[in-house]
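Accompanying notes for the structure given below.
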DNA sequence: TCCATGTTTCTACGATAAATGAAACATGAT
DNA sequence: ATCATGTTTCATTTATCGTAGAAACATGGA
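Residue numbers (the numbering used here), protein chains in the order written: chain A, 53 to 148; chain B, 53 to 148.
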């Protein structure tokens, strides 16, 4: 994970709505949730939410798949593990 | 760590210069570095750097102490551990 | 006291991000 | 083909962030 990807991922997490989306998706698990349900759950308009979902996806923190008319979003565990790995390696005192 | 502190911390990490500052300070260890040395090491003007240092400090990721004319910055391990803890608890599939 | 050094604050401006109404697109049902 | 539903894209406005010159502040030494 290079520094550009890392800053992008942190940028994705640095906003209230997006952090809530991610928490919700992590909580929900592999099954994921359609955009509409997330919108409803968080009280964020669909178009606003769409913007944030796109942001999270481009940062590699969530995945999307289509199921009929619905687009299902779910947490991307790989992406988050990569970020955690970076933090442990670069942002923590190795001696501590 | 509440959601506001968390977004603030991620915001602090979501910028190239600040991430580099933190990496440098982590690498340097408890001894820390004066602002001028960081400025020199990263090639960032002192006033610009001062802005970012302030940002990092308010986010609880670094500490400052004065030593004579110098102001010494160092990584705040506690702050980073708190952030890591939050991530593991809220951003990772507990089942995985 | 006066000066040099290290650092921050003030100020201003260009760049980037957030929010949302309106329009468009995609899919499935009739 | 037509329509309803779920979702995104476009376009616009407003807010926030990043940068750096200039000025100010703090400390230590002569």
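Heads up, the beta-carbon is just placed ideally off N, CA and C, and yes, glycines get one too. Given the structure is predicted, the values throughout are model-derived calculations rather than measurements.
Residue 68/A belongs to the set of residues whose beta carbon lies under 8 Å from a beta carbon in chain B.
Taking one beta carbon from each stretch, the region 122–137 of chain A and the region 106–115 of chain B have fewer than 3 pairs nearer than 8 Å; the two do not touch. Residue 96/B and residue 69/A have their C-alpha atoms roughly 32 Å apart. Boundaries of the alpha helix (DSSP H) around residue 70/A: 68–80. When DSSP states are grouped into helix, strand and coil, residue 111/B belongs to the coil group.
Using a Cβ distance threshold of 8 Å, residue 74/B and residue 119/B do not count as a contacting pair.
Among the CB atoms of chain B, none fall inside 8 Å of the CB of residue 120/A. Counting only Cβ-Cβ distances below 8 Å, residue 111/A has no contacts in chain B at all, with the closest Cβ about 10 Å away.
For residue 91/A, no CB of chain B lies under 8 Å from its own CB, so it is not counted at the interface with that chain. Listed in chain order, the non-local C-beta contacts of residue 59/A below 7 Å within the same chain number zero, local neighbours out to five positions each way being set aside.
A Cβ-Cβ contact shorter than 8 Å links residue 124/B with residue 85/B.
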